[in-house]
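Protein chains in written order, with UniProt numbering: chain A, 1 to 453; chain B, 1 to 443. Okay, structure first, notes after.
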Amino acid sequence: MTDRYTKAVNSGFTQTLAKKLGLPRPAVLRRYRAGDSLTVGPVLVVSDGASKADADAIAQTLLGWDLDVRREPTDDVRWGAVVLVLTEATAPTDASEAVLATGSVLRRLAGNGRVVTVSRAPADGDSPALSATRHGVDGFLRSVAKELRGGATGNGVVLTDDVAVDDPSVLGTLRFFLGAKSAYVDGQLLRVGPTADGVPAADAPEPATDRPLTGQVAVVTGAARGIGAAIARTLHRDGATVVCVDVPAAGEALAATANAVGGTALQLDVTAEDAGERILAHARERHGRLDVVVHNAGITRDKLLANMKPGQWDAVIAVNLAAQLRINAALLEAGLEGLRIVSLASTSGIAGNKGQTNYAFSKAGVIGHTRATAGLLAARGGTANAVAPGFIETEMTSRIPFATREVARRIPSLAQGGQPVDVAEAIAFLASPAAAGVNGQVLRVCGQHLVGQ
Amino acid sequence: MASRQSRAAATNGPRDAVVVGGNRIPFSRAGKKYADASNQEMFTAALEGLVARYGLQGERLGEVVGGAVLKHSRDFNLVRESVLGSSLSPATPAYDLQQACATGLEATIGVANKIRLGQIESGVAGGTDTVSDAPIAVGEGLRRALLDAQHAKTWQARAKALAQIRPGDLKPLTPATDEPRTGLSMGEHQAITTARWGITREAQDEIALASHQHLAAAWESGFFDDLVTPFRGLTRDDNMRPDTSAEKLAGLKPVFGRSLETPATMTAGNSTPLTDGASTVLLGSREWAESHDLPVLARVVDAETAAVDFVHGHEGLLMAPVHAVPRLLARNGLTLDDFDFYEIHEAFASTVLTTLAAWEDVDYGKNELGLSGAFGSVDRAKVNVNGSSLAAGHPFAATGGRIVATAAKLVAEKAAETGRPARALVSVCAAGGLGATAVLESV
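Listed below in structure tokens is the structure:
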């Protein structure tokens, strides 16, 4: 599970050697630690002329987060981040000045720095020029992300439905992209709608506390080990009481996870007919409520389709997709207020993967039901989103043959695999009040893998 | 009259102690999966699973009580050490208790009694045993010489003490569970009782077959999903043989009672195997369970232990529960018909059968139990409905916890299904002519 190459090129003699040989040197990513500053240096906020008011509002908010905010590109600082606001740009030429200003500081962008665009989503009825401008940001962001080095990432906040830039969900998403919690999220544009009524927070997307899930009860399936255990730990860190679910056979590791996070262990096969009801009953009877459900349980049965046996296809669909649908149906039936559902999709479900027709079907299916469920949950102030991990360093991926694994690691822009905690951070963000306006979205945690969007 | 008074006392007596749930590790035949697991590791694992299931991390429980039958002297604080190695609050007291195979049930009775008296609000009862990792003692000659050497004040005296050691002294003493006063193994004792009651080989094999089938069915139905947590990669009891058959059992050679005049009937198939494992039961007052949002499966109604004189008298070694139950039921105004479930520990298949036969015998009822006739009959369909020790295995001190948790869940499910209270009788025989019995009732 350790990436020896990344370790070697970042320490001691092998670091010097790698530098001399000009070997690619994947950076050591900065990950969240309580008390650390949000960014690694000052933040430059630039915009096109028409978006200046939005840029001002964002700059004001960043000041409120105790960041060193600058409005002019200078070459006397190591920049921690650039926020490029293009919300009101209406013609392709509008963006030029701000984009080139961004470019002018990239050489002085610190390791683990950030470039974040804030723009609006194309909508029906846009003029061709407006649509071109808004789509243009997409291509720009994905490209600049590939040019960044030293663990720096580029991501975009995409506003939908006339949402204001100072909407808590917009600011919450901006904060996620600026900080270390999004370490392995790169080249992604996340659509953000208005924060639903009744959700508190107003001008404080980051609650006074660093435990945004305090008082909430979260269920994590597949919590015994790997990514699931990391999700349980991260949600617990953010204040949630965690119900850890896994198949009875994984009970020993499940108990260890539950005991580590002070939660409860529920030995349950998610494919059971009444899994949803039992999860609901456990959460309500033992913890009094249910706020967050993370569908993480998943299996692989890789085979070329020509060699696929019925059992291999069916098992993957049953666990990865049908179980989520059935559990969601029970949750919707219960009519919970403000329920957050986050499902694990996969880059395989987006771009396809040889030998994984069953897995890709299930994971693309997850994206499909997430989009459909989003509308159903929105009525009660809830959200449904998916996180699509790329290559994550887990027990499962450590069994991939060395050469294949090495290739998979180096393909993404960040030239390394992600850690389970990177996936967990994205999930914790989507489960938090700060992401109330993010609904029906797929957030990739892939270090900007080459394939797919 | 006496029984009416006791009943009144029971009604107006102390508050209830309830069973919240249980957790055990899968039981494993000696020398297999848990071959190098210690009692402490196994009991800690069972405890950790319980803590995880009920969210007891950092909780200060009233006490944890349990023990092991085969125990090394270094494990003098076995249960306390397990608590310290668990996620419970280190401020949770503990003590070791040992009553042979009745250890787990006796621990349950002790914890329940303290809860009923208001001395504690919550507690865990359980037990653990390993035959694979059993302590091995040195011979008496070597032991004496080593102790003398340790006490010696000069090196000459020490050398002199050590010089006493003879090659024969180096032979280790393997652990034995034979009865110290008769030199007979438990199986040989039970073979005498089996013969006395004329229990057939077929009847015993039938019990063994039912045990495997019932246990397998319970595993399949998910009954143990919230009673067992896997350990060291073992996810189910590995002694269980879902595919065994009457023919296979009938083909086994008898191993006990071969020197008796009657035909030997007890085989490896209808006797419990040597087993490793650990179990726990979580108990509390109703108030404690409620304030912790924990479920309540059953209340511990009452318990009775008994002992019989198998050394000089004529009673069988494992017949003590036969005496305990009539006293227990009389005190609570109950009869043998008042139960939905009978959990009779299958030390041997014939233990169940001799117990039932004795209760049905008029002379025995009059002469041995002091009743006016036979004690009563048991509906065999209600006995060990989810299997028992023949299939699950029998890690001595861990059996009581397995049975109590199973019985508590059975009555809870039955009551939920029928809407009426359900009751279970628990009976565990033990070495030394001991026996412990208890009544559990749905709440």
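Even for Gly, the Cβ is constructed at its ideal location relative to N, Cα and C. These numbers come from a predicted model, not from an experiment.
Given residue i as reference, the closest of the options once Cα atoms are compared
i                      : options                    : result
residue 437 of chain B : B:365, B:166, B:107, B:163 : B:107
residue 303 of chain B : B:292, B:326, B:406        : B:326
residue 26 of chain B  : B:235, B:348, B:288, B:422 : B:235
residue 74 of chain A  : A:254, A:87, A:80, A:104   : A:104
residue 218 of chain A : A:427, A:255, A:169        : A:427
residue 394 of chain B : B:274, B:51, B:321, B:99   : B:274
residue 5 of chain A   : A:276, A:377, A:410, A:270 : A:410
residue 414 of chain B : B:432, B:443, B:439, B:169 : B:443
residue 381 of chain A : A:254, A:296, A:220, A:436 : A:436
residue 194 of chain B : B:143, B:52, B:271, B:172  : B:271
residue 41 of chain B  : B:292, B:309, B:79         : B:79
residue 48 of chain B  : B:24, B:37, B:38, B:411    : B:24
residue 297 of chain B : B:262, B:409, B:189, B:228 : B:409
residue 400 of chain B : B:368, B:279, B:364        : B:279
residue 394 of chain A : A:143, A:417, A:308, A:333 : A:417
residue 168 of chain B : B:143, B:159, B:184        : B:143
residue 464 of chain A : A:378, A:296, A:98, A:347  : Outside the modelled stretch of chain A, which goes from 1 to 453, sits residue 464 of chain A, for which no answer is possible.
Anticipated Cβ contact below 8 Å, residue i with residue j, distance rounded
i                      : j                      : result
residue 38 of chain A  : residue 175 of chain A : 7 Å
residue 238 of chain B : residue 15 of chain B  : At roughly 40 Å, the Cβ-Cβ gap does not stay under 8 Å, so residue 238 of chain B and residue 15 of chain B are not in contact.
residue 111 of chain A : residue 151 of chain A : 5 Å
residue 100 of chain A : residue 117 of chain A : That belief does not hold up - the Cβ atoms of residue 100 of chain A and residue 117 of chain A are roughly 14 Å apart, past 8 Å.
residue 360 of chain A : residue 352 of chain A : 5 Å
residue 54 of chain A  : residue 165 of chain A : 4 Å
residue 136 of chain A : residue 180 of chain A : With a Cβ gap of about 29 Å, residue 136 of chain A and residue 180 of chain A do not count as contacting.
residue 127 of chain B : residue 85 of chain B  : Going by Cβ atoms, the distance from residue 127 of chain B to residue 85 of chain B rounds to 17 Å, so no, they are not a contact pair.
residue 92 of chain A  : residue 129 of chain A : 7 Å
residue 317 of chain B : residue 433 of chain B : 6 Å
residue 426 of chain B : residue 404 of chain B : 6 Å
Test: residue i CB closer than 8 Å to a CB of chain B
i                      : result
residue 200 of chain A : With a pLDDT of 47 at residue 200 of chain A, under the threshold of 50, the predicted position of this residue should be treated as unreliable, though the coordinate-derived value follows. No, residue 200 of chain A lies away from the interface with chain B (no Cβ there is under 8 Å from its Cβ).
residue 287 of chain A : yes
residue 208 of chain A : Per-residue confidence for residue 208 of chain A stands at a pLDDT of 45, beneath the threshold of 50, marking its modelled position as unreliable; no derived number is given.
residue 252 of chain A : yes
residue 204 of chain A : Residue placement at residue 204 of chain A cannot be trusted, given a pLDDT of 44 that sits under 50; what the coordinates show is reported in the next sentence. It does not: the Cβ of residue 204 of chain A has no partner Cβ on chain B nearer than 8 Å.
residue 240 of chain A : no
residue 92 of chain A  : no
residue 248 of chain A : yes
residue 89 of chain A  : no
residue 386 of chain A : no
residue 255 of chain A : yes
Any chain A beta carbon closer than 8 Å to residue i
i                      : result
residue 231 of chain B : yes
residue 442 of chain B : no
residue 259 of chain B : no
residue 235 of chain B : yes
residue 238 of chain B : no
residue 361 of chain B : no
residue 225 of chain B : yes
Within-8 Å CB hit, residue i to chain D
i                      : result
residue 116 of chain B : Given the protein chain composition of this structure (A and B), no chain D is represented.
Next on the checklist: What are the residues in the stretch 273-305 of chain B lying within 8 Å of chain A by C-beta distance?
Outcome noted: Those residues of the stretch 273-305 of chain B placed with their C-beta closer than 8 Å to a C-beta in chain A are 293, 294, 295, ordered along the chain.
Item to check | Members of the stretch 34-58 of chain B that neighbour chain A once the beta carbon cut-off is set at 8 Å | outcome: So the close ones are 45, 48, 49, 51, 52, 53, 54, 55, 57, 58.
Checklist entry - Which residues, in chain order, does the stretch 257-270 of chain A contribute to contact with chain B at a C-beta distance below 9 Å? => result Along the stretch 257-270 of chain A, going in chain order, the ones with a CB nearer than 9 Å to a CB of chain B are 257, 258, 259, 260, 261, 262, 263, 264, 265, 266, 267, 268, 269.
Next on the checklist: So, does the stretch 26-46 of chain A touch the stretch 58-73 of chain A, judging by three or more C-beta pairs under 8 Å?
Outcome noted: Touching, yes.
Next on the checklist: Counting beta carbon pairs with one atom in the stretch 198-216 of chain B and one in the stretch 384-392 of chain B, are three or more of them shorter than 8 Å?
Outcome noted: By the Cβ criterion, the stretch 384-392 of chain B is in contact with the stretch 198-216 of chain B, since at least three pairs of Cβ atoms, one from each stretch, lie closer than 8 Å.
Next on the checklist: Counting beta carbon pairs with one atom in the stretch 79-97 of chain B and one in the stretch 57-67 of chain B, are three or more of them shorter than 8 Å?
Outcome noted: Contact holds: three or more Cβ-Cβ distances are below 8 Å.
Next on the checklist: Check whether the stretch 259-278 of chain A and the stretch 340-359 of chain A are in contact - that is, three or more C-beta pairs closer than 8 Å.
Outcome noted: No, because fewer than three Cβ pairs between the stretch 259-278 of chain A and the stretch 340-359 of chain A fall closer than 8 Å, the two stretches do not touch.
Checklist entry - Just by C-beta distance, which residues in the stretch 65-90 of chain B are closer than 7 Å to chain A? => result Within the stretch 65-90 of chain B, the qualifying residues are 87.
Item to check | Residues of the stretch 22-45 of chain A whose Cβ lies closer than 7 Å to any Cβ of chain B, in chain order | outcome: So nothing in the stretch comes that close.
Checklist entry - Would you call the stretch 338-355 of chain B and the stretch 367-382 of chain B in contact, with 3 or more CB pairs under 8 Å? => result At 8 Å Cβ cutoff, the stretches touch.
Item to check | Where the stretch 425-444 of chain A meets chain B: residues whose CB sits under 7 Å from a CB there | outcome: Residues of the stretch 425-444 of chain A with a C-beta less than 7 Å from any C-beta of chain B: none at all.
Checklist entry - Does the stretch 215-230 of chain A come within contact of the stretch 239-254 of chain A, defined as at least 3 CB pairs closer than 8 Å? => result The stretch 215-230 of chain A, when compared against the stretch 239-254 of chain A, does touch it at the 8 Å Cβ threshold.
Checklist entry - Are the stretch 27-38 of chain A and the stretch 405-425 of chain A in contact at 8 Å, needing three or more beta carbon pairs? => result Taking one beta carbon from each stretch, the stretch 27-38 of chain A and the stretch 405-425 of chain A have 3 or more pairs nearer than 8 Å; the two touch.
Checklist entry - Any contact of the stretch 134-146 of chain B with the stretch 102-118 of chain B, i.e. 3+ C-beta pairs under 8 Å? => result The stretch 134-146 of chain B vs the stretch 102-118 of chain B: no contact.
Next on the checklist: Can you confirm whether the stretch 237-251 of chain B touches the stretch 70-79 of chain B when touching is taken to mean that 3 or more C-beta pairs between the two stretches lie within less than 8 Å?
Outcome noted: The stretch 70-79 of chain B vs the stretch 237-251 of chain B: no contact.
Next on the checklist: Count Cβ pairs between the stretch 430-448 of chain A and the stretch 75-84 of chain B that sit closer than 8 Å; are there 3 or more?
Outcome noted: They do not touch, by the three-pair rule.
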